[in-house]
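Following the numbering used here, the numbering of the sequence shown begins with 68 at its first residue and continues without gaps. Beta carbons: idealized from backbone N, C-alpha and C, even for Gly. All of these numbers come straight from a predicted model, not from anything done at the bench.
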Amino acid sequence: MKFWKITLLCLSAVVMLGTQSVSAKKMTPWTKGAVEAGKYRNYFKELGYKQKDIDKKIADAYYQVFEAPTRAYFDVQVNGQMMAYISDVKNRDVRTEGMSYAMMVAVQMDKPEMFNKLWRWAKYFMRHNEEGPSHGLFAWSCRVDGRRNSGGSASDGELYFVTDLLLASRRWVSFEEFNYLEEAQELLNDLFSKDGTGGVTNIINMEHKLINFCPDRRSNEWTDPSYHLPAFYEVWAETAQDGREDLYRELADSARQYLHRAVNAESAINPDQGQFDGTPNRGSEFHYDSWRVPMNIAMDFNIYHKDAEWQSEYAAKFQKTVTAFGIEEFPDQFGLDGKEPKMIMGAGGFRKLRHSIGFVGTTATTSLMTDSEHSAELVRHFWEQEMRPDMYEDGYYDVYYDGLINLFALLHLSGNYRVNW
Numbered sequence: 068m069k070f071w072k073i074t075l076l077c078l079s080a081v082v083m084l085g086t087q088s089v090s091a092k093k094m095t096p097w098t099k100g101a102v103e104a105g106k107y108r109n110y111f112k113e114l115g116y117k118q119k120d121i122d123k124k125i126a127d128a129y130y131q132v133f134e135a136p137t138r139a140y141f142d143v144q145v146n147g148q149m150m151a152y153i154s155d156v157k158n159r160d161v162r163t164e165g166m167s168y169a170m171m172v173a174v175q176m177d178k179p180e181m182f183n184k185l186w187r188w189a190k191y192f193m194r195h196n197e198e199g200p201s202h203g204l205f206a207w208s209c210r211v212d213g214r215r216n217s218g219g220s221a222s223d224g225e226l227y228f229v230t231d232l233l234l235a236s237r238r239w240v241s242f243e244e245f246n247y248l249e250e251a252q253e254l255l256n257d258l259f260s261k262d263g264t265g266g267v268t269n270i271i272n273m274e275h276k277l278i279n280f281c282p283d284r285r286s287n288e289w290t291d292p293s294y295h296l297p298a299f300y301e302v303w304a305e306t307a308q309d310g311r312e313d314l315y316r317e318l319a320d321s322a323r324q325y326l327h328r329a330v331n332a333e334s335a336i337n338p339d340q341g342q343f344d345g346t347p348n349r350g351s352e353f354h355y356d357s358w359r360v361p362m363n364i365a366m367d368f369n370i371y372h373k374d375a376e377w378q379s380e381y382a383a384k385f386q387k388t389v390t391a392f393g394i395e396e397f398p399d400q401f402g403l404d405g406k407e408p409k410m411i412m413g414a415g416g417f418r419k420l421r422h423s424i425g426f427v428g429t430t431a432t433t434s435l436m437t438d439s440e441h442s443a444e445l446v447r448h449f450w451e452q453e454m455r456p457d458m459y460e461d462g463y464y465d466v467y468y469d470g471l472i473n474l475f476a477l478l479h480l481s482g483n484y485r486v487n488w
């Protein structure tokens with residue numbers, strides 16, 4: 068009996084040591100960005116997952132958003148042309164946010180036909196084609212039949228549309244009727260022609276060199292931290308060929324410095340909306356828009372690596388704050404101090420803190436920037452999540468926002484979110 072007890076104890080010790088060695092595996096952040104290194108980091112593969120399983124994970128996430136019966140994406144024919152839209156199904160509308168995200172998925176996953184169908188719908192229904200102060204901008208929300216809910220624009224939609232088109236120009240040059248560089252240059256010229264006439268401004272507040280919340284005189288005076296994507300401006304500077312290269316590089320640097328101000332120095336938590344000096348706008352806390360901030364910072368670190376020291380420190384603080392609630396339990400909304408928020412936001416009549424797959428994904432991307440005690444486990448926990456309606460017992464299934472953000476995070480962590488191919 069003693070022999071077997073000793074043997075079992077020894078085996079247990081070996082198992083425990085094996086588990087510890089896996090958990091303690093060093094996942095040191097790269098010292099160069101992908102553009103300089105000439106390759107993209109596949110964190111999943113480094114962590115031990117097989118490439119065929121990684122590919123399947125991405126394909127399954129794509130299927131849920133774009134092909135499943137509960138999908139958010141729909142092909143339509145309008146005046147003899149094939150078009151497509153992606154709907155925020157809980158709010159029953161089509162947004163420039165989602166359209167531009169879906170176009171980004173298309174370019175990253177090499178789907179030019181889908182890209183063009185989405186772009187046709189956006190140009191036909193959402194773009195202000197008529198002459199006037201808003202010419203060239205996009206209505207941020209439409210019904211699924213194309214009728215507009217609002218004529219106003221949201222600045223992140225145009226930001227993404229430009230970047231989508233420039234990346235499409237890098238990957239495909241042109242396809243069907245579209246020359247993507249020319250499309251991007253036209254949009255950039257429309258954006259930078261706005262000077263406040265008729266109450267319409269550029270998406271950039273030119274005094275602060277920062278993106279605004281909306282391109283109108285009122286919303287031009289504050290911003291949304293999740294709209295600040297320095298990596299996108301780097302793409303503009305490298306690709307647009309419109310004589311504004313120096314401005315775009317300045318915008319990238321300004322965006323990085325703004326993010327330094329916008330995140331809490333101790334908790335690394337940011338508000339949904341903020342003033343240009345980094346202070347919260349109207350008591351804003353960390354809610355749905357804020358999920359994108361850690362992923363946006365990780366993108367800049369992973370691709371361009373120009374603010375790596377601060378970004379690594381940010382990631383370690385952010386992980387510490389989030390995981391204080393438990394890696395398998397942390398909520399998707401916070402107060403700026405990293406505690407529970409004063410107000411819980413909701414969508415589709417659902418107002419509850421959740422352990423959301425979208426936010427689990429963006430949190431996992433911070434592991435690209437730091438090898439903290441939580442990094443590998445956060446990515447493993449994200450890997451274990453599934454985007455299926457039957458997985459959500461509380462009845463909340465957001466195939467649109469959770470689904471798209473989840474897919475972006477998978478692309479980032481697998482080395483498939485790129486600016487060159």
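{"Check": "I'd like the span of the beta strand (DSSP E) that includes residue 340, first residue to last.", "Outcome": "No beta strand (DSSP E) holds residue 340; DSSP gives it neither H nor E."}
{"Check": "Please tell me whether residue 424 and residue 369 are closer than 8 Å, where the distance is taken between their beta carbons.", "Outcome": "no"}
{"Check": "Taking the Cβ atom as the reference point for each residue, do residue 166 and residue 182 lie within a distance shorter than 8 Å?", "Outcome": "no"}
{"Check": "My guess is that residue 429 and residue 445 are in contact by the Cβ rule of under 8 Å, so how many angstroms apart are they, rounded?", "Outcome": "Not really, about 10 Å apart at Cβ, beyond 8 Å."}
{"Check": "For residue 412, which of helix, strand or coil comes out of DSSP?", "Outcome": "coil"}
{"Check": "Cα separation between residue 297 and residue 341?", "Outcome": "17 Å"}
{"Check": "Considering only the alpha carbon of each residue, which of 392, 184, 225 lies closest to residue 252?", "Outcome": "225"}
{"Check": "Roughly how many angstroms separate the alpha carbons of residue 180 and residue 223, rounded to a whole number?", "Outcome": "23 Å"}
{"Check": "So residue 153 is in the alpha helix (DSSP H); what residue range does that whole segment cover?", "Outcome": "Where residue 153 is concerned, there is no enclosing alpha helix (DSSP H), although the beta strand (DSSP E) it sits in stretches over 148 to 155."}
{"Check": "Check residue 131 in the structure and name its three-state DSSP category.", "Outcome": "helix"}
{"Check": "Residue 238 lies in the alpha helix (DSSP H); which residues open and close that run?", "Outcome": "222 to 238"}
{"Check": "Suppose only complete runs of 4+ residues qualify. What are the alpha helix (DSSP H) ranges in the stretch 149 to 217, listed by chain order?", "Outcome": "163 to 175, 179 to 188"}
{"Check": "Could you give the first and the last residue of the continuous alpha helix (DSSP H) run that contains residue 315?", "Outcome": "312 to 329"}
{"Check": "Using the beta-carbon count (16 or more within 10 Å), is residue 272 buried or exposed?", "Outcome": "buried"}
{"Check": "Reducing DSSP to helix, strand and coil, say where residue 277 ends up.", "Outcome": "strand"}
{"Check": "What three-state label does DSSP hand residue 283 in the structure shown?", "Outcome": "strand"}
{"Check": "Can you check DSSP and say which residues form a bridge with residue 268?", "Outcome": "262"}
{"Check": "Can you tell me the Cα-Cα spacing of residue 263 and residue 284, whole angstroms?", "Outcome": "7 Å"}
{"Check": "Opposite residue 145 in the DSSP bridges: which residues?", "Outcome": "148"}
{"Check": "Against chain D, with Cβ distances strictly below 8 Å, would residue 435 count as a contact?", "Outcome": "Of the protein chains in this structure there is only one, and it is not chain D."}
{"Check": "Take residue 95 as the anchor and find which of 105, 102, 103, 109 has the nearest alpha-carbon.", "Outcome": "109"}
{"Check": "Between which residues of its own chain and residue 131 is the CB-CB distance below 8 Å, once the five residues before and five after are set aside?", "Outcome": "137, 138, 454, 455, 466, 470"}
{"Check": "The alpha helix (DSSP H) spanning residue 363 covers which residue range?", "Outcome": "359 to 370"}
{"Check": "DSSP puts residue 347 in a beta bridge; with which residues?", "Outcome": "341"}
{"Check": "I think residue 208 touches residue 217, with their Cβ atoms under 8 Å apart; what is that distance to the nearest whole Å?", "Outcome": "5 Å"}
{"Check": "What residue range does the alpha helix (DSSP H) around residue 379 cover?", "Outcome": "375 to 390"}
{"Check": "Is it true that the CB of residue 277 sits closer than 8 Å to the CB of residue 322?", "Outcome": "yes"}
{"Check": "For residue 196, I'd like the list of residues in its chain whose CB is within less than 8 Å of its CB, leaving aside the five on either flank, ordered along the chain.", "Outcome": "190, 202"}
{"Check": "Can you check which of these residues, 334, 360, 237, is closest to residue 174 by C-alpha distance?", "Outcome": "237"}
{"Check": "Which one or two residues does DSSP pair with residue 242 in a beta bridge?", "Outcome": "245"}
{"Check": "Using only CA atoms, which one of 250, 219, 230, 144 lies nearest to residue 212?", "Outcome": "144"}
{"Check": "By Cβ distance below 8 Å, which residues in the same chain neighbour residue 257 in space, the five residues on each side in sequence not counted?", "Outcome": "202, 203, 204"}
{"Check": "Using the three-state DSSP reduction, which class does residue 300 fall into: helix, strand or coil?", "Outcome": "helix"}
{"Check": "Pick helix, strand or coil for residue 140, following the three-state DSSP scheme.", "Outcome": "strand"}
{"Check": "Could you pull the DSSP bridge partners for residue 397 from this structure?", "Outcome": "Partner(s): none; residue 397 has no beta bridge."}
{"Check": "Using 8 Å as the threshold, is the C-beta distance between residue 188 and residue 227 below it?", "Outcome": "no"}
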